[in-house]
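Undergrad:
There are 2 protein chains.
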Amino acid sequence: MVTDDPTVHERLIRETLLLVAEMPFDRSPPWMGQRIHRLLRELTGEKDPYRQVKQHSNNLALSLYAELKERVRGSADPFATAVRLAIAGNVIDFGCRSHLGDDEVHQAIEDAMVGSVDEVAMADLRQAVEGVGDILYLADNAGEIVFDRLLIEEMPQDRITLVVRGSPVINDATREDAEVAGLNSLVKVMDNGSDVPGTILESCSPSFQACFARSDLIIAKGQGNYETLSGGGRNIFFLLKVKCPVIAGHIGCDVGQVVVLRQNRRSERV
Amino acid sequence: MVTDDPTVHERLIRETLLLVAEMPFDRSPPWMGQRIHRLLRELTGEKDPYRQVKQHSNNLALSLYAELKERVRGSADPFATAVRLAIAGNVIDFGCRSHLGDDEVHQAIEDAMVGSVDEVAMADLRQAVEGVGDILYLADNAGEIVFDRLLIEEMPQDRITLVVRGSPVINDATREDAEVAGLNSLVKVMDNGSDVPGTILESCSPSFQACFARSDLIIAKGQGNYETLSGGGRNIFFLLKVKCPVIAGHIGCDVGQVVVLRQNRRSERV
């Protein structure tokens with residue numbers, strides 16, 4: 156995305172292979188992704204190589220927004236429909252693929268509307284949202300964040316803090332994307348101070364850590380947040396599309412499945 | 156496939172990454188594959204890690220043989236049907252994927268029967284086969300070689316020499332697979348003396364090189380043979396399923412497409 160020059164491609168590939176060859180394999184994929192994408196930004200001198208990809212994703216999602224909003228409004232269960240759409244948006248992930256056609260986004264929407272979902276977890280999420288207390292909503296990717304808006308609009312916005320990444324990494328959503336999605340005027344937006352494509356608390360800012368610790372409910376989008384927060388001793392609802400066989404095996408579902416997962420305090424770390 | 160021990164997996168991954176990081180990038184993928192799979196065989200002490208995979212593929216293909224043979228016999232154009240089936244068998248390739256379901260083989264068969272094919276190249280191939288002279292048939296993978304038998308049975312067997320790899324590499328067909336497919340009793344079988352998952356002439360035995368040089372017609376199966384023989388100054392018919400965007404772009408077709416390609420003597424090397 157940064158250049159057509161094959162000598163630069165070759166250098167990036169070689170340096171990345173050497174980096175990965177020496178990595179500790181007991182770390183999570185987002186930990187590895189942080190190192191890889193830091194290296195790529197450093198070697199290319201490009202602070203945000205996925206900027207155009209993120210713009211395209213935001214524009215695509217915004218062009219679908221009105222239609223999807225109608226779909227939520229016209230639904231027999233607007234909350235559940237919004238949850239499904241928010242998860243459908245999680246298909247927009249350039250951490251696991253290098254290209255995504257607009258048609259694949261459309262397909263993901265239709266798949267998410269009919270795919271089976273854990274109805275108990277869905278009911279628990281609804282109840283948790285209807286309760287009192289602060290809600291922390293951890294966004295995942297650009298474009299996807301417009302789908303998140305559909306869900307956030309079905310929730311009590313005065314109790315929600317939306318969290319984005321602290322700096323660009325892959326196509327993960329940053330403050331700029333939250334703004335483009337129109338979320339700044341709806342909820343409080345903060346960044347986590349980190350460039351991990353997930354949420355590794357130790358690498359986040361003290362203010363985010365404090366906010367994370369005192370929130371009554373955490374909604375975490377995407378596989379990166381699942382890989383870094385599962386088993387961490389907080390009650391979290393994970394909303395994601397499953398993107399690899401390892402995580403599918405861990406959760407007990409199929410690759411591509413739409414997942415609403417309530418984390419128990421005692422569950423195992425990935 | 157060799158072990159469930161994650162410490163061995165980790166070592167194999169690290170050593171492979173280091174090897175690839177230092178590789179010359181102007182070599183063909185089969186050249187790289189030779190080095191990678193030599194290293195894997197050396198590190199695991201397993202001379203043929205894909206043995207079970209190859210047996211499974213052969214058994215699956217043999218279980219389909221009678222039905223496919225009927226399909227060729229009942230066809231309005233048995234030769235063209237056999238060509239399409241031989242290409243369908245090229246889906247059985249563990250160089251580009253780690254798992255293949257039996258249902259995917261069935262699907263590949265149906266896709267190959269209806270997929271568009273260059274009809275001029277098909278007519279040229281038919282004419283070339285009907286001519287006089289020696290035919291060299293370069294096999295690709297185990298399992299696929301049973302599909303090749305269907306095509307070989309539609310050709311003048313007394314003029315055909317079937318060529319397999321000189322030693323195990325990935326799931327490429329060796330003498331053992333030719334035998335299991337029942338081809339020894341139909342045609343002359345030779346191996347090329349090489350462990351490249353393709354055909355790099357310099358790495359092949361002198362007897363194969365001589366045979367290659369004097370053959371009147373060469374039929375080469377699979378992408379590995381295309382990657383190593385295209386542009387090499389011989390008239391060759393390549394029969395393959397296209398497995399990556401780079402080769403799709405080079406040939407000018409889509410990934411997954413069934414390809415019958417006549418090489419001109421003057422064509423460019425990949």
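The listed protein sequences correspond, in order, to chains W and A.
Read in order, the letters of the first sequence correspond to residues 156 to 425 in my numbering.
Read in order, the letters of the second sequence correspond to residues 156 to 425 in my numbering.
Glycine included, C-beta positions come from ideal geometry on N, C-alpha and C.
(1) Please determine, among A:E165, A:P185, A:D181, the residue with the shortest C-alpha to C-alpha distance to D181 of chain W.
(2) Less than 9 Å separating the beta-carbons of L384 of chain W and I373 of chain W?
(3) For G200 of chain A, count neighbouring Cβ atoms within 10 angstroms of its own Cβ and tell me buried if that reaches 16, exposed if not.
(4) In three-state terms, what does DSSP make of A294 of chain A?
(5) Let me check understanding here. Comparing Cα to Cα, which of A:I247, A:H261, A:F234 lies closest to M277 of chain A?
(6) Could you check how far apart the C-beta atoms of L305 of chain W and A231 of chain W are, in whole angstroms? I think they sit under 8 Å.
(7) According to DSSP, is K376 of chain A helix, strand or coil?
(8) Anyone know if the C-beta pair for V287 of chain A and G244 of chain A falls short of 9 Å?
(9) Throw me the rounded Cβ distance for the A375 of chain A and F363 of chain A pair, which I believe falls under 8 Å.
(10) If you reduce the DSSP assignment to three classes, tell me which class D350 of chain W lands in.
(11) Throw me the rounded Cβ distance for the V342 of chain A and I307 of chain A pair, which I believe falls under 8 Å.
(12) Looking at I264 of chain A: is its Cβ nearer than 9 Å to the Cβ of L291 of chain A?
(13) So what does DSSP say about T199 of chain W, is it helix, strand or coil?
(14) Leaving out five residues before and five after S422 of chain W in sequence, what residues of the same chain have Cβ atoms less than 8 Å from its Cβ?
(15) Could you name the residues of the same chain whose beta carbon sits closer than 7 Å to that of R226 of chain W, not counting the 5 residues immediately before and after it, in chain order?
(16) Who are the Cβ neighbours of P185 of chain A in its own chain at under 7 Å, not counting the five residues just before and after it?
(17) Within the same chain, show all residues whose beta-carbon is closer than 8 Å to that of V175 of chain W, passing over the 5 residues directly before and after it, in chain order.
(18) List, in chain order, every chain A residue whose beta-carbon is nearer than 7 Å to that of L172 of chain W.
(19) Relative to the C-alpha of N339 of chain A, which residue among A:V319, A:G348, A:D327, A:P323 is closest?
(20) Return helix, strand or coil for F114 of chain A, following the three-state DSSP convention.
(21) Classify D371 of chain A: buried if its beta carbon has 16 or more other beta carbons within 10 angstroms, exposed otherwise.
(22) Does the Cβ-Cβ distance between C366 of chain A and G321 of chain A come in under 9 Å?
(23) Taking the alpha helix (DSSP H) that F367 of chain W falls in, what are its first and last residues?
(24) For K398 of chain W, which residues from the same chain have a beta carbon less than 6 Å from its beta carbon, with the 5 sequence-adjacent residues on both sides left out?
(25) Answer yes or no: do I168 of chain A and F249 of chain A have a C-beta to C-beta separation smaller than 9 Å?
(26) Counting along the chain, where does the beta strand (DSSP E) carrying V432 of chain A start and finish?
(27) Which of the three DSSP states, helix, strand or coil, is assigned to Q223 of chain A?
(28) Would DSSP call F108 of chain W helix, strand or coil?
(29) In angstroms with no decimal places, state the Cα-to-Cα distance between H405 of chain A and L416 of chain A.
(30) Please confirm whether L215 of chain W and V260 of chain W have their CB atoms less than 9 Å apart.
(31) Could you tell me whether the Cβ atoms of A403 of chain W and V413 of chain W are closer together than 9 Å?
(32) Measuring CA to CA, which of W:M310, W:D258, W:E299 is closest to Q282 of chain W?
(33) According to DSSP, is E423 of chain A helix, strand or coil?
(34) Tell me which same chain residues have a C-beta within less than 7 Å of the C-beta of D203 of chain A, skipping the five on either side of it?
(35) Which value, in whole angstroms, describes the spacing of the CA atoms of G337 of chain W and V344 of chain W?
TA: The structure says:
(1) As a working mapping, residue 181 of chain W is identified with position 26 in the first sequence. Ranking the options by Cα distance to D181 of chain W, first place goes to A:E165.
(2) What you label residue 384 of chain W is simply residue 229 of the first sequence in a count that begins at 1. What you label residue 373 of chain W is simply residue 218 of the first sequence in a count that begins at 1. In this structure, L384 of chain W sits near I373 of chain W, with a CB-CB distance shorter than 9 Å.
(3) Here the question's residue 200 of chain A lines up with position 45 in the second sequence. Exposure of G200 of chain A is indicated by the presence of fewer than 16 other C-beta atoms within 10 angstroms of its C-beta.
(4) Within the second sequence, numbered from 1, the residue matching residue 294 of chain A stands at position 139. In this structure, A294 of chain A counts as coil in the three-state DSSP scheme.
(5) Taking the first residue of the second sequence as position 1, residue 277 of chain A is located at position 122. Of A:I247, A:H261, A:F234, the smallest CA-CA separation from M277 of chain A is found for A:F234.
(6) One-based indexing of the first sequence puts residue 305 of chain W at position 150. One-based indexing of the first sequence puts residue 231 of chain W at position 76. With 8 Å as the limit, L305 of chain W and A231 of chain W do not qualify as a contact, their Cβ atoms being about 16 Å apart.
(7) Stepping through the second sequence from its first residue, residue 376 of chain A is reached at position 221. Note: K376 of chain A maps to strand in three-state DSSP.
(8) For the purposes of this step, residue 287 of chain A is identified with residue 132 of the second sequence, where counting begins at 1. For the purposes of this step, residue 244 of chain A is identified with residue 89 of the second sequence, where counting begins at 1. No; because the gap between Cβ atoms is not below 9 Å, this pair is not in contact.
(9) Working through the second sequence from its first residue, we reach residue 375 of chain A at position 220. Working through the second sequence from its first residue, we reach residue 363 of chain A at position 208. Contact annotation, A375 of chain A with F363 of chain A: C-beta distance approximately 13 Å; criterion of less than 8 Å not satisfied.
(10) Numbered from 1 along the first sequence, position 195 holds the residue referred to as residue 350 of chain W. Of the three classes helix, strand and coil, the one that applies to D350 of chain W here is coil, per DSSP.
(11) Position 187 of the second sequence holds residue 342 of chain A. Position 152 of the second sequence holds residue 307 of chain A. Between V342 of chain A and I307 of chain A a beta carbon distance of about 6 Å is seen, short of the 8 Å cut, so the two are scored as contacting.
(12) Taking the first residue of the second sequence as 1, we reach residue 264 of chain A at position 109. Taking the first residue of the second sequence as 1, we reach residue 291 of chain A at position 136. The Cβ-Cβ distance between I264 of chain A and L291 of chain A does not fall below 9 Å.
(13) Here the question's residue 199 of chain W lines up with position 44 in the first sequence. In the structure shown, T199 of chain W sits in a helix (DSSP, three-state: H, G or I).
(14) Here residue 422 of chain W corresponds to residue number 267 of the first sequence, with the count starting at 1. Note that S422 of chain W has pLDDT 44, beneath the 50 cutoff, so the model's placement of it is unreliable and no number is given.
(15) For the purposes of this step, residue 226 of chain W is taken as residue 71 along the first sequence, with counting starting at 1. Contacts found: T236.
(16) As a first step, residue 185 of chain A is located in the second sequence; it is residue number 30 there, counting from the start. Excluding sequence positions up to five before and after P185 of chain A, its CB lies within less than 7 Å of the CB of V351, P352, G353, I355, G379, E382, T383, all in the same chain and listed in chain order.
(17) The count along the first sequence starts at 1 and reaches residue 175 of chain W at position 20. Hits under 8 Å: M187, I191.
(18) Along the first sequence, read from residue 1 onward, the residue named residue 172 of chain W stands at position 17. The answer, in chain order, is L172, V175, A176.
(19) Mapped onto the second sequence, residue 339 of chain A falls at position 184. Of the listed residues, the one whose Cα sits closest to N339 of chain A is A:V319.
(20) Residue 114 of chain A lies beyond the range of chain A shown here (156 to 425); nothing can be said about it.
(21) As a position in the second sequence, residue 371 of chain A is number 216, starting the count at 1. Sixteen is the threshold: since fewer than 16 other Cβ atoms of the shown chains lie within 10 Å of the Cβ of D371 of chain A, the residue is exposed.
(22) Taking the first residue of the second sequence as 1, we reach residue 366 of chain A at position 211. Taking the first residue of the second sequence as 1, we reach residue 321 of chain A at position 166. Cβ atoms of C366 of chain A and G321 of chain A: not closer than 9 Å.
(23) Residue numbering aside, residue 367 of chain W sits at position 212 when the first sequence is read from its first letter. From DSSP, the alpha helix (DSSP H) with F367 of chain W extends over 361-369.
(24) As a first step, residue 398 of chain W must be located in the first sequence, where it is residue number 243. If we look at K398 of chain W and ignore the five residues flanking it on each side, its Cβ neighbours are C251, Q378.
(25) Against the second sequence, residue 168 of chain A aligns to sequence position 13. Against the second sequence, residue 249 of chain A aligns to sequence position 94. With contacts defined as CB atoms closer than 9 Å, I168 of chain A and F249 of chain A fail to qualify as a contacting pair.
(26) Past the boundaries of the shown model lies residue 432 of chain A; chain A is included only from 156 to 425, so the question cannot be answered.
(27) As a position in the second sequence, residue 223 of chain A is number 68, starting the count at 1. The identity of residue 223 of chain A in the sequence shown is Leu, whereas the question assumes Gln. In this structure, L223 of chain A counts as helix in the three-state DSSP scheme.
(28) In the structure displayed, chain W extends from 156 to 425; residue 108 of chain W sits before or after that span and is not available.
(29) By one-based count along the second sequence, residue 405 of chain A stands at place 250. By one-based count along the second sequence, residue 416 of chain A stands at place 261. C-alpha separation (whole angstroms): 12 Å.
(30) Looking up residue 215 of chain W in the first sequence gives position 60. Looking up residue 260 of chain W in the first sequence gives position 105. Closer than 9 Å, so yes.
(31) Working through the first sequence from its first residue, we reach residue 403 of chain W at position 248. Working through the first sequence from its first residue, we reach residue 413 of chain W at position 258. Not closer than 9 Å, so no.
(32) Reading the first sequence from its first residue, position 127 is the one you call residue 282 of chain W. That would be W:M310, whose Cα lies nearest to the Cα of Q282 of chain W.
(33) Here residue 423 of chain A refers to the residue found at position 268 when the second sequence is read from its first residue. Because the pLDDT at E423 of chain A is just 43, under 50, the model does not fix this residue reliably, and the value given afterwards should be weighed accordingly. Looking at E423 of chain A - three-state DSSP - the assignment turns out to be coil, as it is neither helix nor strand.
(34) As a position in the second sequence, residue 203 of chain A is number 48, starting the count at 1. Counting only residues of its own chain and dropping the five nearest sequence neighbours on each side, D203 of chain A has a CB closer than 7 Å to the CB of P323.
(35) Here the question's residue 337 of chain W lines up with position 182 in the first sequence. Here the question's residue 344 of chain W lines up with position 189 in the first sequence. A direct Cα-to-Cα measurement between G337 of chain W and V344 of chain W gives close to 11 Å.
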